[in-house]
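Taking it in order: structure first as structure tokens, then the write-up.
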Amino acid sequence: MRSVRFLTGITTSGTPHLGNYVGSIRPSVRASLTPGVESYYFLADYHALIKIDDPARIQRSTLEIAASWLAAGLDPEKVTFYRQSDIPEIPELTWLLTCVTGKGVLNRAHAYKAAVDKNLATEQDPDMDVNAGLFMYPVLMGADILMFNAHKVPVGRDQIQHIEMARDMAHSFNHRYGEHFVPPQAVVEESVATLPGLDGRKMSKSYDNTIPLFASREQLKKLISGIVTDSRAPGEPKEPEGSALFQIYQAFASEAETQTLRQDYANGIAWADAKQRLFERIDLEIAPMRETYHSLMNDPHRVEAILQAGATKARKISTPFTARLRHAVGLRSLVSSEVAVAKVAKATTASFKQYREKDGKFYFKLVNSSGNVLLQSRGFESPKVAGQSIATLLQLGLGALEALGSQLEPLEADCQETVAAALAGMAREDK
Ligand code: TRP
């Protein structure tokens, strides 16, 4: 059975938080362990340039995110784990895809449109402070996906549109240049919760309400104590619905543990105790990874070596594939195409010669313009039978060889292509 290829990218623009862990890192690491799945995970640092112009921050974020994935159990031996900017074929493919993508399609991309709408709402120039990177974002993402012909792309809801655009790019390219790309599909994990943040809104860097995944125990405890709750006193029954604390707990706890907390809410558990329980539960899962994380953060050489090995693995695919794509669109060596053209031209000026030998039998041969014999027949009893063989060859091309097998001298293997081209050329002229 052929395996299914999964691919996903993580923009290197910040420090991973618990929301990233629950929504992306943990399910992806689990999925990568599934048999029959081939996974590609990469650090989307070209994407980070769209919104970040602080070089040190991009470098630091790349290290933090790589260390987080590895600490969470991603096995670089099992998956292909690499940094986007180590694959120079990705920006190259971005250009090939740019040229098969309608500008109007990109005008409608959510991220770009949101920026424009924001400007329009304040009566500014629509493109004020919008860089062309934001506009091209979906094409770069399409190149990420199509380069490895991923079947499935696990993403958040906000990214579905980009996967659909990548599908369209695959179709338009294939339509023009032949079947090269697999149209990818978005996979949105319905069961994976979006984690609420400290203030109860979705945990997100843009709301500044996150809990860093690898906060120290003390920091973690302190941040959890800051999660919003209502003002119900100890002893008063509490509502699990709408409680950020409860939802975060649920994302880490088993069914049974969640049930117990639900009961304790009904029994009026004090918020301070509920927070303590949440803290212990999260720490139970994260503490073992925290050690690995810090040892990786203190050894960037090791992380760099892992990423380099991943890039080597990824380029085993991207380098030959890009060569094929370049050829497909016509970015070709002049020399190789000249040879190919000359070969065909020469071959197509070939002709059949019929003659009688001393043995009294009738023969034919296929000779090219330089007089080289491409195909030699055996002896026929009459010129008519020889003529029929020639007609069959012209009609069926190389496909006739088997049927005529006993009438022809065996063909050199490396001659086949030339003979086929010659026959096709003559058949065309016949028409
Ligand atoms: N744009 C994605 C995000 O911000 C990250 C990303 C870049 C990505 N390239 C990708 C995700 C390719 C999936 C596939 O979440």
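For the record, in the sequence shown the residue sitting at position 199 is 198 according to numbering that gives the first Met the number 0, with numbers rising by one throughout. Don't be surprised by glycine CBs; every beta carbon is placed ideally from N, CA and C. Since the model is a prediction, treat every value here as computed from it, not as a measurement.
- Straight-line measurement puts the Cα of asparagine 371 at about 24 angstroms from the Cα of valine 384.
- Under the DSSP assignment, lysine 151 falls in the beta strand (DSSP E) whose first and last residues are 151 to 153.
- If you compare the alpha carbons of Glu63, Tyr136 and Leu197 with that of valine 302, the shortest gap goes to Glu63.
- Taken in chain order, the unbroken stretches of beta strand (DSSP E) that lie wholly in the stretch 165 to 205 and span 3 residues or more are 184 to 186.
- A buried status is given to leucine 95, since no fewer than 16 other beta-carbon atoms sit within 10 Å of its beta-carbon.
- Exclusion of the five residues before and after glycine 141 leaves Leu96, Met164, Ala165 and Met168 as the residues of its chain whose Cβ lies within less than 7 angstroms of its Cβ.
- In the three-state reduction of the DSSP assignment, glycine 141 falls in the helix class.
- Secondary structure at isoleucine 89: helix, using DSSP grouped into helix, strand and coil.
- Non-local C-beta neighbours of threonine 348 in its own chain, meaning closer than 6 angstroms and more than five positions away in sequence, comprise Ser368, ordered along the chain.
- Considering only Arg4, Ala243, Ser27 and Val328, the residue with the shortest C-alpha distance to histidine 174 is Val328.
- Secondary-structure assignment with DSSP links serine 376 through a beta bridge to Leu407.
- It is roughly 9 angstroms from the alpha-carbon of tyrosine 81 to the alpha-carbon of proline 75.
- Counting only residues of its own chain and dropping the five nearest sequence neighbours on each side, lysine 201 has a CB closer than 6 angstroms to the CB of Thr193.
- If you keep only unbroken beta strand (DSSP E) runs of at least 3 residues inside the stretch 15 to 91, you get 36 to 43 and 79 to 82.
- The stretch 102 to 119 makes no contact with the stretch 33 to 41: fewer than 3 CB pairs, one atom from each, lie closer than 8 angstroms.
- Around the beta carbon of lysine 50, fewer than 16 other beta carbons sit within 10 angstroms, so the residue counts as exposed.
- For the pair lysine 274 and serine 224, the CB atoms are nearer than the 8 angstroms cut-off.
- Taking 7 angstroms as the cut-off, the C-beta of glycine 22 does not count as close to any heavy atom of ligand 1.
- Contact check for leucine 407 against serine 376 passes: the beta carbons are separated by less than 8 angstroms.
- Rounded to whole angstroms, the gap between the alpha carbons of phenylalanine 278 and leucine 244 is 10 angstroms.
- In this structure, Val28 is the residue among Gly404, Ala419, Val28 and Ala390 with its C-alpha nearest to the C-alpha of alanine 70.
- Distances between the C-beta of glutamine 184 and the heavy atoms of ligand 1 are all 7 angstroms or more.
- Distances taken from the Cβ of alanine 43 to the heavy atoms of ligand 1 include one shorter than 7 angstroms.
- Here serine 2 carries a coil assignment [DSSP, helix/strand/coil].
- The alpha-carbon separation between arginine 314 and leucine 17 amounts to approximately 32 angstroms.
- In this structure glycine 196 is buried. Its beta-carbon is surrounded by 16 or more other beta-carbon atoms within 10 angstroms.
- Within the model, the alpha-carbon separation for asparagine 266 versus aspartate 198 is close to 24 angstroms.
- Distances between the C-beta of aspartate 143 and the heavy atoms of ligand 1 include at least one below 7 angstroms.
- Straight-line measurement puts the Cα of alanine 108 at about 20 angstroms from the Cα of threonine 121.
- Taking a contact as a CB-CB distance under 8 angstroms, the pair aspartate 358 and glycine 386 does not count as one, their CB atoms being some 19 angstroms apart.
- The straight-line gap separating the alpha-carbon atoms of leucine 324 and alanine 399 is approximately 33 angstroms.
- Distance check between glutamine 415 and each of Ala310, Gly396 and Ser12 places Gly396 closest, using alpha-carbon atoms only.
- The closest CA to that of leucine 6, considering only Gln262, Phe147, Gly22 and Pro239, is found on Phe147.
- Collapsing the DSSP output to three states places isoleucine 9 in a strand.
- Its Cα nearest to that of glycine 103, the residue Val138 stands out among Met127, Thr93, Val138 and Asp124.
- Serine 60 sits buried, since 16 or more C-beta atoms from the chains shown fall within 10 Å of its C-beta.
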